[in-house]
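*Asks:* Below: one structure in structure tokens.
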Amino acid sequence: MLRSTITRLRTRVFRAVPENSFIATQTSYQLNNILAHFRGFVNSLCQSPLNLHALVHKLRFYDILCHNRGDQQVAESFPAELLQTLVTSQQPVAPAALTFQLIPTGKHNTSYFVGTGDGELVLRIAPPDDAGFLFYERRMMAQEPEIHALLRERTTVPVARILAYDDSRTLIDRDYLLMERLPGRPLTEVQVTGPLYAHILRQIGGYLRQMHALTAERYGYLGAHHPMEPQTSWGEAFVIMWNLILDDIVASRGYTVEEAAFMRQLLQAYQSCFDRSVPASLLHMDVWHQNILVDAQGTVTGLVDLDRALWGDPEIEFAVLDYCGISEPAFWEGYGRSRDISPEARIRARFYLLYEVQKYIVIRLLRRDDPAGARRYKEQSFALARPLTEGLGRR
Numbered sequence: 110m111l112r113s114t115i116t117r118l119r120t121r122v123f124r125a126v127p128e129n130s131f132i133a134t135q136t137s138y139q140l141n142n143i144l145a146h147f148r149g150f151v152n153s154l155c156q157s158p159l160n161l162h163a164l165v166h167k168l169r170f171y172d173i174l175c176h177n178r179g180d181q182q183v184a185e186s187f188p189a190e191l192l193q194t195l196v197t198s199q200q201p202v203a204p205a206a207l208t209f210q211l212i213p214t215g216k217h218n219t220s221y222f223v224g225t226g227d228g229e230l231v232l233r234i235a236p237p238d239d240a241g242f243l244f245y246e247r248r249m250m251a252q253e254p255e256i257h258a259l260l261r262e263r264t265t266v267p268v269a270r271i272l273a274y275d276d277s278r279t280l281i282d283r284d285y286l287l288m289e290r291l292p293g294r295p296l297t298e299v300q301v302t303g304p305l306y307a308h309i310l311r312q313i314g315g316y317l318r319q320m321h322a323l324t325a326e327r328y329g330y331l332g333a334h335h336p337m338e339p340q341t342s343w344g345e346a347f348v349i350m351w352n353l354i355l356d357d358i359v360a361s362r363g364y365t366v367e368e369a370a371f372m373r374q375l376l377q378a379y380q381s382c383f384d385r386s387v388p389a390s391l392l393h394m395d396v397w398h399q400n401i402l403v404d405a406q407g408t409v410t411g412l413v414d415l416d417r418a419l420w421g422d423p424e425i426e427f428a429v430l431d432y433c434g435i436s437e438p439a440f441w442e443g444y445g446r447s448r449d450i451s452p453e454a455r456i457r458a459r460f461y462l463l464y465e466v467q468k469y470i471v472i473r474l475l476r477r478d479d480p481a482g483a484r485r486y487k488e489q490s491f492a493l494a495r496p497l498t499e500g501l502g503r504r
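This is the structure:
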């Protein structure tokens, strides 16, 4: 049955994407290996946390292939006159010169390429206030201007210059920003060979190393949207973040109060793994193929969508990179530093992966109206938590 499912998946994928594209190439590789690895993959999720790093990439691809092909939200539509007003209120350009092209890849904001007759900009409009948010997502656009400015001043990370950010709600009942358009296309839309892909990952590693070298005195989500109080240690910050996201899941009815209490107690039992000195590094937290812009030569021309950034342990960034298939050997070559593979680090990695996976329960329920998808993420979350429960008896 599994073999026939794999065959059907391969056929569907190659009908949906160009055969030689990055997605098709990577998918073909994954499908050819799922038959060999699937049983071990499932069993390993229920065993030691030491097996986690080798498995999360397969977890992500299995999730994409089986569940996420229709994940795009229906884009909102805004009148051309309103779009013109938003731009001309911030830039000295004639309305008649403006053209707007909806960017179809956005999953949270509604974004447009803006032609001005003298260059191109990007207009990003936040979702409505009742869209359904995780605790750190509400008005998170507010932190982007400061982060972009910091990266442009202190690093060579390719981020856009933000020209304007407006949260006054005078022209539209949303926050919005206007920024320069970066060159290049999302990696999801570019055909790349294996060596070229490795070259891209090396660059990403180098850029994230620069980003992680920027540090703050406090930990957590420190932006102007202020979703939490800054903390003096990462361990304290992560406990707050963990509990807040569990509050969101309970509020969306993704977990019962008892299920959330189990997850809270689980982190409490392993709190000593997080009580260590670590710099409050600037973390992107959303580096995946769609947020990486590249040109035809494989040069990374942009890292986009920094609205989820936080300050904390780089290991939580690594968990997102694992989940999104970025943390390949070439990435670590570019990063220039190996990751901690101690038992304590692997336990932290499992909690960090849980932090990433559990958020999709809320997203599926509140923004996708997809209770079946939410149940899948809930099942994944408890499968990931199971080895931690079993490990308590050995501590």
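Every letter in the sequence shown is one number past the one before it in our numbering, and letter 197, counting from 1, is 306. The beta-carbon is built from N, C-alpha and C at its ideal position, and this holds for glycine as well.
Excluding the five sequence neighbours on either side, which residues of its own chain have a C-beta within less than 7 Å of the C-beta of A325, listed in chain order?
*Replies:* As a working mapping, residue 325 is identified with position 216 in the sequence shown. Contacts found: L331, A389, W420.
*Asks:* Just how far apart, CA to CA, sit P267 and L501?
*Replies:* Counted from its first residue, the sequence shown places residue 267 at position 158. Counted from its first residue, the sequence shown places residue 501 at position 392. Cα to Cα, P267 sits roughly 44 Å from L501.
*Asks:* What is the DSSP secondary structure of F147, reduced to helix, strand or coil?
*Replies:* The count along the sequence shown starts at 1 and reaches residue 147 at position 38. Any reading at F147 is ruled out, since the residue's pLDDT is 43, under 50, leaving its predicted position unreliable.
*Asks:* Confirm, please, whether the CB-CB distance from Q210 to T297 is below 8 Å.
*Replies:* The sequence position of residue 297 within the sequence shown is 188, counting from 1. The sequence position of residue 210 within the sequence shown is 101, counting from 1. Going by C-beta atoms, T297 is not nearer than 8 Å to Q210.
*Asks:* Span of the alpha helix (DSSP H) holding G443?
*Replies:* Position 334 of the sequence shown, counting from 1, holds the residue named residue 443. Counting along the chain, the alpha helix (DSSP H) containing G443 begins and ends at 438-444.
*Asks:* Classify I358 as helix, strand or coil using the three-state DSSP reduction.
*Replies:* Against the sequence shown, residue 358 aligns to sequence position 249. Here I358 sits in helix by DSSP.
*Asks:* Using the Cα positions of Q513 and D384, report the straight-line distance between them to the nearest angstrom.
*Replies:* No answer is possible for residue 513: the residues shown for the chain start at 110 and end at 504.
*Asks:* Per DSSP, E499 is paired with what?
*Replies:* Locating residue 499 in the sequence shown gives position 390, counting from the first residue. Note: E499 sits in no beta bridge, so no partner.
*Asks:* Could you check which residue in E437, A492, I349, R233 has the C-alpha nearest to that of D414?
*Replies:* Taking the sequence shown and counting its residues from 1, one reaches residue 414 at position 305. Of the candidates E437, A492, I349, R233, the one whose C-alpha sits nearest the C-alpha of D414 is R233.
*Asks:* By Cβ distance below 8 Å, which residues in the same chain neighbour W351 in space, the five residues on each side in sequence not counted?
*Replies:* If you number the sequence shown from 1, residue 351 lands on position 242. These residues qualify, in order along the chain: M372, R373, L376, F460, Y464.
*Asks:* Find out if the Cβ-Cβ distance for the pair L243, V471 is shorter than 8 Å.
*Replies:* Sequence index remark: in the sequence shown, residue 243 carries index 134 (1-based). Sequence index remark: in the sequence shown, residue 471 carries index 362 (1-based). Against a cut-off of 8 Å, the Cβ pair of V471 and L243 comes out as a contact.
*Asks:* Taking DSSP as the reference, what is the three-state secondary structure of Y364?
*Replies:* Sequence index remark: in the sequence shown, residue 364 carries index 255 (1-based). Coil at Y364, not helix or strand.
*Asks:* With M320 as the anchor, note down where its alpha helix (DSSP H) starts and where it stops.
*Replies:* Looking up residue 320 in the sequence shown gives position 211. Here the alpha helix (DSSP H) through M320 covers 303-321.
*Asks:* Under the three-state reduction of DSSP, which class applies to Y464: helix, strand or coil?
*Replies:* As a working mapping, residue 464 is identified with position 355 in the sequence shown. In this structure, Y464 counts as helix in the three-state DSSP scheme.
*Asks:* Along the chain, where does the alpha helix (DSSP H) that runs through E255 open and close?
*Replies:* The residue you call residue 255 lines up with position 146 of the sequence shown. Note, E255: alpha helix (DSSP H), 253-263.
*Asks:* Please state if the CB of L272 and the CB of Q200 are separated by a distance shorter than 8 Å.
*Replies:* Position 91 of the sequence shown holds residue 200. Position 163 of the sequence shown holds residue 272. For Q200 and L272, yes; Cβs fall inside 8 Å.
*Asks:* When we look at the beta-carbon of D282 and count the other beta-carbons within 10 Å, is it buried (16 or more) or exposed?
*Replies:* What you label residue 282 is simply residue 173 of the sequence shown in a count that begins at 1. Exposed is the call here.
*Asks:* Check this for me: beta carbons of A418 and I313, under 8 Å apart or not?
*Replies:* For the purposes of this step, residue 418 is identified with residue 309 of the sequence shown, where counting begins at 1. For the purposes of this step, residue 313 is identified with residue 204 of the sequence shown, where counting begins at 1. No.
*Asks:* Pairs of beta-carbons, one from the region 279-293 and one from the region 186-205, closer than 8 Å: are there three or more?
*Replies:* Counting Cβ pairs under 8 Å, three or more are found: they touch.
*Asks:* Mind checking who T324 pairs with in its DSSP beta bridge?
*Replies:* Start at 1 with the first residue of the sequence shown, and residue 324 comes out as number 215. T324 pairs with S390.
*Asks:* Can you tell me whether G92 is buried or exposed, with buried defined as 16 or more other CB within 10 angstroms of its CB?
*Replies:* Summary: the structure shown does not reach residue 92, with the chain confined to residues 110 through 504, and so no result is reported for it.
*Asks:* What residue from D238, V202, V301, P304 has the CA that sits closest to L230's CA?
*Replies:* On the sequence shown, position 121 is the one that residue 230 refers to. Comparing Cα positions, the closest option is V202.
*Asks:* Do the region 480-491 and the region 449-458 meet, that is, are 3 or more Cβ pairs less than 8 Å apart?
*Replies:* No, the region 480-491 is not in contact with the region 449-458.
*Asks:* Let me check understanding here. Comparing Cα to Cα, which of P236, F222, G241, G443 lies closest to I358?
*Replies:* For the purposes of this step, residue 358 is taken as the residue at position 249 of the sequence shown. Cα-wise, what sits closest to I358 is G241.
*Asks:* Can you tell me whether T116 is helix, strand or coil according to DSSP?
*Replies:* As a working note, residue 116 is residue 7 in the sequence shown. In this predicted model, T116 has a pLDDT of only 45, less than 50, meaning its place in the structure is not dependable; the value taken from the coordinates is given anyway. Looking at T116 - three-state DSSP - the assignment turns out to be helix.
*Asks:* Is the beta carbon of Y274 sitting closer than 8 Å to the one on P254?
*Replies:* Taking the sequence shown and counting its residues from 1, one reaches residue 274 at position 165. Taking the sequence shown and counting its residues from 1, one reaches residue 254 at position 145. It is a contact, given that the beta carbons lie within the stated cut-off.
*Asks:* Output the boundary residues of the alpha helix (DSSP H) element that contains D431.
*Replies:* Here residue 431 refers to the residue found at position 322 when the sequence shown is read from its first residue. Its alpha helix (DSSP H) spans residues 423-432.
*Asks:* Could you work out which residue in R495, T498, P336, I401 is closest to L291 when comparing CA atoms only?
*Replies:* Indexing the sequence shown from 1 puts residue 291 at position 182. Among R495, T498, P336, I401, the Cα nearest to that of L291 belongs to I401.
*Asks:* Between L317, V223, P213, A206, which has its C-alpha nearest S86's C-alpha?
*Replies:* The structure shown has nothing for residue 86, since the chain only spans 110 to 504.
*Asks:* CA-CA distance, F491 and P480?
*Replies:* The residue you call residue 491 lines up with position 382 of the sequence shown. The residue you call residue 480 lines up with position 371 of the sequence shown. The straight-line gap from Cα to Cα measures roughly 16 Å.
*Asks:* So which of Y469, R476, L462 has the shortest CA-CA distance to L493?
*Replies:* Mapped onto the sequence shown, residue 493 falls at position 384. When only C-alpha atoms are compared, the closest one is L462.
*Asks:* Whole angstroms is fine: what's the gap from T410's alpha carbon to E367's?
*Replies:* Within the sequence shown, numbered from 1, the residue matching residue 410 stands at position 301. Within the sequence shown, numbered from 1, the residue matching residue 367 stands at position 258. Their backbone Cα atoms lie some 46 Å apart in a straight line.
*Asks:* Suppose you measure from the CA of M288 to the CA of Y469; what does that come to, to the nearest Å?
*Replies:* Residue 288 sits at position 179 when you count from the first residue of the sequence shown. Residue 469 sits at position 360 when you count from the first residue of the sequence shown. Going by the C-alpha atoms only, they are around 28 Å apart.
*Asks:* Do you know offhand how far G303's Cα is from T265's?
*Replies:* Sequence index remark: in the sequence shown, residue 303 carries index 194 (1-based). Sequence index remark: in the sequence shown, residue 265 carries index 156 (1-based). C-alpha separation (whole angstroms): 25 Å.
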